[in-house]
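Undergrad: Have a look at the structure that comes next, please.
2 protein chains.
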Amino acid sequence: MTDAFTPSDDFSAQFDSLLAWRRDVRRFRTHPLEPGLLDDLIDRACLAPSVGNAQPWRFVSVEDADLRAVVAESFAKENAAAADAYEDDQARLYGELKLAGLKEAPVHLAVFSEAETERGGGLGRQTMPETLIYSTICAIHTLWLAARSRGVGVGWVSILDPGDVSKALKVPESWQFVGYLCLGYPIENHDDPELVRHGWQERIDRSDVFFRR
Amino acid sequence: MTDAFTPSDDFSAQFDSLLAWRRDVRRFRTHPLEPGLLDDLIDRACLAPSVGNAQPWRFVSVEDADLRAVVAESFAKENAAAADAYEDDQARLYGELKLAGLKEAPVHLAVFSEAETERGGGLGRQTMPETLIYSTICAIHTLWLAARSRGVGVGWVSILDPGDVSKALKVPESWQFVGYLCLGYPIENHDDPELVRHGWQERIDRSDVFFRR
Numbered sequence: 437m438t439d440a441f442t443p444s445d446d447f448s449a450q451f452d453s454l455l456a457w458r459r460d461v462r463r464f465r466t467h468p469l470e471p472g473l474l475d476d477l478i479d480r481a482c483l484a485p486s487v488g489n490a491q492p493w494r495f496v497s498v499e500d501a502d503l504r505a506v507v508a509e510s511f512a513k514e515n516a517a518a519a520d521a522y523e524d525d526q527a528r529l530y531g532e533l534k535l536a537g538l539k540e541a542p543v544h545l546a547v548f549s550e551a552e553t554e555r556g557g558g559l560g561r562q563t564m565p566e567t568l569i570y571s572t573i574c575a576i577h578t579l580w581l582a583a584r585s586r587g588v589g590v591g592w593v594s595i596l597d598p599g600d601v602s603k604a605l606k607v608p609e610s611w612q613f614v615g616y617l618c619l620g621y622p623i624e625n626h627d628d629p630e631l632v633r634h635g636w637q638e639r640i641d642r643s644d645v646f647f648r649r
Numbered sequence: 437m438t439d440a441f442t443p444s445d446d447f448s449a450q451f452d453s454l455l456a457w458r459r460d461v462r463r464f465r466t467h468p469l470e471p472g473l474l475d476d477l478i479d480r481a482c483l484a485p486s487v488g489n490a491q492p493w494r495f496v497s498v499e500d501a502d503l504r505a506v507v508a509e510s511f512a513k514e515n516a517a518a519a520d521a522y523e524d525d526q527a528r529l530y531g532e533l534k535l536a537g538l539k540e541a542p543v544h545l546a547v548f549s550e551a552e553t554e555r556g557g558g559l560g561r562q563t564m565p566e567t568l569i570y571s572t573i574c575a576i577h578t579l580w581l582a583a584r585s586r587g588v589g590v591g592w593v594s595i596l597d598p599g600d601v602s603k604a605l606k607v608p609e610s611w612q613f614v615g616y617l618c619l620g621y622p623i624e625n626h627d628d629p630e631l632v633r634h635g636w637q638e639r640i641d642r643s644d645v646f647f648r649r
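Read top to bottom, the protein sequences are chains A and B.
All residue numbers for the first sequence refer to the working numbering, where the first residue is 437 and numbers rise by one.
All residue numbers for the second sequence refer to the working numbering, where the first residue is 437 and numbers rise by one.
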């Protein structure tokens, strides 16, 4: 134990503001991140909680144009299939939404979770092995917030075939695909979700999600 | 869009400090949280990203002593079973670890994910339905960081039988048990994981988790 966390008086309020302005970004400027910033964000992500301290997160920066094209094709294919599931007004609205910034974002980060890691010695995951993946999700969210604290936007693309991405990137079979992140400086800043703004799904109240027993 | 996020110059450094000092807390003071603070933390958690803005997180504050006893029993049973899996030095070390603060923590929060929500209209989860649970994990981590920003520690208990908890709390069948959180003011503050300090699992390097393709 060294000195404890001693933030400034208004830190908590600023942190709340960070949460409000985090958002999923799909409109990026194309210029690159500052040198060293991606390494720095990965270091922050590694401070996430993990079950048994297993640290199962694996990040792949996808830089090759051909690999990016495979991902963009997977998105285009799966997004077209998803669009077919909607009808009438919902179909029209779905078609108008911008759901990814794959073409513009300067950084693409594929995130995997190592399912067969020996690190952590199995501690904490005998009844709930899924906590390994949960740890990786915490790392993604840590990276997301750390990025936003430095002015960088993140968008999470889930409309992909996990098999397509894993195969293209030639990752070990024990790595489970968890998410694909676009990073870059945002063109716009918002404190409300794009899907609220465009009338897809409203926010709900605390009373809808919080109960006492 | 209103005014963009405008943190103070040292916000990013303070946020990094928050990440370092977040930690999984298992040693709590027993006195209650400030009035209104738990509601406030739930409100922050609701700012987490969610697929299609589905907001599938469900929080149950477990306040009844008999319900808490069921959870404590499930932990004791599963922890004893887990301990049996280790041998020699590892078994001795496992036995010495304090893995939960269920007896002392003033707040117990069971977290579930609504698997059958219609909110979000299925957007973003046709190829990866597991992103609903991932959204709930992001809410947990948001709550965790918001708590720490206000001086409150969180410990995530995963050594439980999910069925035991769901049954005791009589939640809808479509709610998937994701995690059980203990909240309270910590007795100690640390910037290194308990499992590192006690020699269970070291931290690994960025080069072990970050790759470029």
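Ideal Cβ placement from N, Cα and C applies to all residues, glycine included.
So, for B:R555: in the same chain, excluding its five sequence neighbours on each side, which residues have a beta-carbon less than 8 Å away from its beta-carbon?
TA: G488, N489, A490, Q491 and P492
Undergrad: For my contact list, B:D460 and B:W592 are in at a C-beta cut-off of 8 Å; report their separation, rounded to the angstrom.
TA: 6 Å
Undergrad: Can you find a heavy atom of the ligand HEM that lies under 8 Å from the Cβ of B:Y621?
TA: Among the ligands in the structure shown, none appear at all, so the ligand HEM cannot be discussed.
Undergrad: Reducing DSSP to helix, strand and coil, say where B:A644 ends up.
TA: Note on residue identity: the sequence assigns Asp, not Ala, to residue 644 of chain B. Of the three classes helix, strand and coil, the one that applies to B:D644 here is helix, per DSSP.
Undergrad: Chain A beta carbons: is any one of them nearer than 9 Å to that of B:C482?
TA: yes
Undergrad: Can you tell me the Cβ-Cβ gap for A:A484 and A:S571, rounded? I've got them flagged as a contact below 8 Å.
TA: Rounded, the Cβ-Cβ distance is 7 Å, consistent with contact.
Undergrad: What is the DSSP secondary structure of B:V588, counted as helix, strand or coil?
TA: Annotated three-state conformation of B:V588 is coil, per DSSP.
Undergrad: What's the call for A:R642, buried or exposed, on a 16-neighbour Cβ count within 10 Å?
TA: Counting Cβ neighbours within 10 Å, A:R642 comes out exposed, since fewer than 16 surround it.
Undergrad: When DSSP builds the beta bridges, which residues end up paired with A:H634?
TA: In DSSP, A:H634 forms no bridge with anything.
Undergrad: Whose C-alpha, out of A:A518, A:A517, A:D502 and A:C574, is nearest the C-alpha of A:K716?
TA: With chain A covering 437 to 649 only, the question about residue 716 of chain A has no answer from this structure.
Undergrad: Below 8 Å on the Cβ atoms is my contact criterion, and I expect A:R511 with A:P622 to pass it. Report the Cβ-Cβ distance as a whole number of Å.
TA: A small correction: the amino acid at residue 511 of chain A is Phe; Arg does not occupy that position in the sequence shown. Not confirmed; about 19 Å, so no contact.
Undergrad: Looking only at its own chain, which residues have a Cβ that is under 8 Å from the Cβ of A:E514, when we skip the five neighbours before and after it?
TA: Excluding positions up to five away in sequence, the list reads I595, L596 and D597.
Undergrad: Can you tell me which of A:I576, A:E532, A:A546 and A:L605 puts its alpha carbon nearest to the alpha carbon of A:D479?
TA: For A:D479, the closest of A:I576, A:E532, A:A546 and A:L605 by C-alpha to C-alpha distance is A:I576.
Undergrad: Under 9 Å between beta-carbons, which chain B residues line up against A:T650? List them in chain order, please.
TA: Outside the modelled stretch of chain A, which goes from 437 to 649, sits residue 650 of chain A, for which no answer is possible.
Undergrad: Assuming A:E499 and B:R494 form a contact by the criterion Cβ under 8 Å, report the distance between their Cβ atoms to the nearest whole angstrom.
TA: About 40 Å separates the CB atoms of A:E499 and B:R494; that is not less than 8 Å, and the two are not in contact.
Undergrad: Interface residues of chain A around B:S448 at Cβ under 7 Å?
TA: S585 and R586
Undergrad: Buried or exposed for B:P443, going by 16 or more other Cβ atoms inside 10 Å?
TA: buried
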